[in-house]
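I have placed the structure first, in the form of structure tokens, so that the comments after it can refer back to it.
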Amino acid sequence: MRINKNPKRSKLRSIELSSSNKRGFEFSFSWIFAFIAGAMIIFLAVYAANRLVSTNDFVEQAKRGKEIGILLNPIETNLEGAKYTRIIVPEETTIFNGCENSGIFGKQKISVALKSSINEEEKESAGVESSFKNKYLFSRKSIKSKKEFYVLSKPFKFPFKIGDIMIMWSDKEEYCFVNAPEDIKKELNDSLKLDMVSFSRTSEKCASGSKKVCFPPRGENCDIEVSFNSKSISFNEDKKTVYFTYFDDSDKYSLLYAGIFSDPEVYECQIKRLMGRASELSSLYEDKSVYLQQQKCGSANLIGDLESYRAESKSMVNDDSSLRIKDDNFNSLVIQLEEKNAKLICKLF
Amino acid sequence: MQNSYVNYSKLGQLKIQQMAFMLVAVFILFSMVGLVYVSITSSQIDSETKALRNQEAVESVKKLSGTAEFAFKSGGDCSSCIDLDKTLMLKERSQYKNFWNFDYLMIEKVYPNETERECTKTNYPECNKITIIDSNDKKIVTKTTFVTLARWDPNLGASGDFRYELGRIHISAKNIENG
Numbered sequence: 249m250r251i252n253k254n255p256k257r258s259k260l261r262s263i264e265l266s267s268s269n270k271r272g273f274e275f276s277f278s279w280i281f282a283f284i285a286g287a288m289i290i291f292l293a294v295y296a297a298n299r300l301v302s303t304n305d306f307v308e309q310a311k312r313g314k315e316i317g318i319l320l321n322p323i324e325t326n327l328e329g330a331k332y333t334r335i336i337v338p339e340e341t342t343i344f345n346g347c348e349n350s351g352i353f354g355k356q357k358i359s360v361a362l363k364s365s366i367n368e369e370e371k372e373s374a375g376v377e378s379s380f381k382n383k384y385l386f387s388r389k390s391i392k393s394k395k396e397f398y399v400l401s402k403p404f405k406f407p408f409k410i411g412d413i414m415i416m417w418s419d420k421e422e423y424c425f426v427n428a429p430e431d432i433k434k435e436l437n438d439s440l441k442l443d444m445v446s447f448s449r450t451s452e453k454c455a456s457g458s459k460k461v462c463f464p465p466r467g468e469n470c471d472i473e474v475s476f477n478s479k480s481i482s483f484n485e486d487k488k489t490v491y492f493t494y495f496d497d498s499d500k501y502s503l504l505y506a507g508i509f510s511d512p513e514v515y516e517c518q519i520k521r522l523m524g525r526a527s528e529l530s531s532l533y534e535d536k537s538v539y540l541q542q543q544k545c546g547s548a549n550l551i552g553d554l555e556s557y558r559a560e561s562k563s564m565v566n567d568d569s570s571l572r573i574k575d576d577n578f579n580s581l582v583i584q585l586e587e588k589n590a591k592l593i594c595k596l597f
Numbered sequence: 002m003q004n005s006y007v008n009y010s011k012l013g014q015l016k017i018q019q020m021a022f023m024l025v026a027v028f029i030l031f032s033m034v035g036l037v038y039v040s041i042t043s044s045q046i047d048s049e050t051k052a053l054r055n056q057e058a059v060e061s062v063k064k065l066s067g068t069a070e071f072a073f074k075s076g077g078d079c080s081s082c083i084d085l086d087k088t089l090m091l092k093e094r095s096q097y098k099n100f101w102n103f104d105y106l107m108i109e110k111v112y113p114n115e116t117e118r119e120c121t122k123t124n125y126p127e128c129n130k131i132t133i134i135d136s137n138d139k140k141i142v143t144k145t146t147f148v149t150l151a152r153w154d155p156n157l158g159a160s161g162d163f164r165y166e167l168g169r170i171h172i173s174a175k176n177i178e179n180g
């Protein structure tokens, strides 16, 4: 069988010729191919550029998260009663405060989201989380800032130093302390000169948009209410209450400030982590007291109290609420430990 | 049976070949540019990571004497004092191996000179170093700061007292840069 020259092909040729005669546009295969290939190359280039920018943003966010974690180191207290500092960021930044209560010490997770330079929209997903086992950041779950973050660091002693409480807020959150006790006003306003925190006699005099923190007697239109009798901080919006305690007069309000500036969930989680560390530290002091007893120190009479303290603080790690931190028996034990330690010729802590 | 054939234009085939070569060339060019970019970026990330770890180590070593596990609060206010008795107890606690982001953490007594050996409960205080976090890497580079080491000495004074000696903290984060 022999195939003749394709009659359809010859027909097409004739159409082509006739259309060219009518000043039509000849669209050859090479042109179609160039358009498709060109479009694909441009698409791939745009896609790759987009991916590169988002990867760069991700890296930058991860870097910023780690930097903020590192910057918290010099803010830690040594002999100081409190330290206050500002962290200035070059662009609008959101810090995500993640608290994980797993293992003995739990984890402080910090991640950062930056406002993208291309689409001016904040990234939904933050950069890689940087985790720290020895830091305790008390704040809202996410803190947005235009330019500045503020960090107040206070030691938490109960009765020995357990860790540094880092309280963080930003230039987008204003707090108004209504009817605050004179010693709080003196510390926060006169000594530390905190930014974005004002003091007022009545809630009506507070700036609009500010969070009103009311101290006793009970005020009106309060966002947060503090009670010294029940050692509680109530969040009226969330309908949640957290509890605080204090032992040392010089660092009396560490947990109170932490509670005011934090989300209840963050506060509860960090308290559990602090209690986990307290339990380990008491065990360390138990070992030290056994060793020093052999060195004519007379530290053996603290061992029983330290054991009770360790058991009590360890059980609090699994509690749902911070309620037990203000428990009278536990607080009496803490005072007893401090008194016995003060009488030693070689103090344990 | 006879063979069938189609008569294609040779010029058209040549153009398609040219286009294909061009496409391959463009693709290779883009890939090479991409590879160069990725290698530059990854080396930048690597150096930034090292710088961050270096910074973390420097900041940590400055503040370590103030942390609850090391701080000496038994004998008055001393900001750079380390409680050596407490540190010896800390050495035996595996829970603390991953507590700080360090690969290596060692406290060394500098003065007065002691026999060069690791401290244990049996030879303490006749020793000169307490290694809390040990590293298998022998070429490790550390950040160091001088501190005061305080310990209870039952033979000092009439009924014992705290003895203060000169010491150093050595710490290392992963892949730390020298300097």
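Chains as they are written, first to last, in my numbering: chain A, 249 to 597; chain B, 2 to 180.
Quick reminder that beta carbons are idealized off the backbone N, C-alpha and C, glycines included.
DSSP, reduced to helix, strand and coil, places Arg312 of chain A within a helical segment of the structure shown.
Among the residues of the region 409-420 of chain A, those with a Cβ less than 9 Å away from any Cβ of chain B are Lys409, Ile410, Gly411 and Asp412, in the order of the chain.
By the Cβ rule, the region 349-360 of chain A counts as touching the region 375-387 of chain A, because three or more pairs are nearer than 8 Å. Looking only at A:Ser393, A:Glu468, A:Met416 and A:Lys536, the smallest Cα-Cα distance to Leu385 of chain A is reached by A:Met416. The beta carbon of Asp138 of chain B sits no closer than 9 Å to any beta carbon of chain A. A distance below 9 Å separates the beta carbons of Thr145 of chain B and Val62 of chain B. Taking 9 Å as the threshold, the shortest C-beta distance from Ile343 of chain A to chain B does not fall below it.
From the beta-carbon of Leu53 of chain B, the residues of chain A found nearer than 9 Å are Lys311, Lys314, Glu315 and Ile318.
In the DSSP assignment, Gln584 of chain A falls within the unbroken alpha helix (DSSP H) covering Asp576 to Lys591.
Per DSSP, the beta-bridge partners of Lys459 of chain A are A:Tyr423. Secondary structure within the region 49-86 of chain B: the beta strand (DSSP E) runs of 3 or more consecutive residues, fully enclosed, are 82-84 (chain order).
Per the DSSP secondary-structure output, Phe386 of chain A pairs in a beta bridge with A:Ile415. If only complete runs of 3 or more residues are kept, the region 92-122 of chain B shows the beta strand (DSSP E) at 105-112, in order along the chain. Against chain A, the CB of Gly76 of chain B has a partner CB under 9 Å away; the residue lies at that interface.
Membership of Phe397 of chain A in the beta strand (DSSP E) is indicated by the continuous run Glu396 to Lys405.
Taking the CA atoms as reference points, Cys594 of chain A sits about 11 Å from Asp86 of chain B.
Counting C-beta pairs closer than 8 Å gives fewer than three between the region 120-132 of chain B and the region 404-413 of chain A, which falls short of the contact rule.
Chain-order list of chain A residues neighbouring Ile17 of chain B: Phe277, Ser278 and Phe281, by C-beta distance under 8 Å. Look at Asn102 of chain B: its C-beta is under 9 Å from a C-beta on chain A.
The C-beta distance from Ser537 of chain A to Leu550 of chain A rounds to 5 Å, short enough to meet the 8 Å contact threshold. At a Cβ-Cβ threshold of 9 Å, Ile410 of chain A and Ala72 of chain B do not count as neighbours. Residues of chain A whose Cβ lies closer than 9 Å to the Cβ of Met20 of chain B are, in chain order, Ser278, Phe281, Ala282 and Ala285.
In this structure, Leu320 of chain A lies near Val399 of chain A, with their beta-carbon atoms less than 9 Å apart.
Collapsing the DSSP output to three states places Asn345 of chain A in a strand.
The CB of Glu528 of chain A comes closer than 7 Å to the CB of Gln96 in chain B, given here in chain order. Contact of Lys591 of chain A with chain B is not assigned, every C-beta pair being separated by 9 Å or more.
When the five nearest sequence neighbours on each side are left out, the beta carbons in the same chain lying within less than 6 Å of the beta carbon of Arg558 of chain A are those of Ser527, Ser530 and Ser531, in order along the chain. Across the region 80-93 of chain B, CB contacts with chain A closer than 9 Å involve Ser80, Ser81, Asp84, Asp86, Lys87, Leu89, Met90, Leu91 and Glu93, in sequence order along the chain. Around the beta carbon of Trp279 of chain A, a 10 Å sphere encloses fewer than 16 other beta carbons of the protein chains shown; the residue is thus reported as exposed. At least 9 Å separates the beta-carbon of Asp443 of chain A from that of Lys460 of chain A.
Taking all protein chains shown into account, Thr143 of chain B has 16 or more neighbouring C-beta atoms within 10 Å of its C-beta and is therefore buried. In this model, Ala506 of chain A and Lys139 of chain B are separated by some 43 Å (Cα to Cα).
Residues of chain B with a Cβ closer than 9 Å to the Cβ of Tyr295 of chain A do not exist; the shortest Cβ-Cβ separation is about 12 Å. Among the residues facing chain B, Asn304 of chain A is included, as its CB has a counterpart in that chain under 9 Å away. Distance from the CA of Glu468 of chain A to the CA of Phe353 of chain A, rounded to the nearest whole angstrom, comes to 40 Å.
Asp535 of chain A counts as buried, since no fewer than 16 other beta carbons sit within 10 angstroms of its beta carbon.
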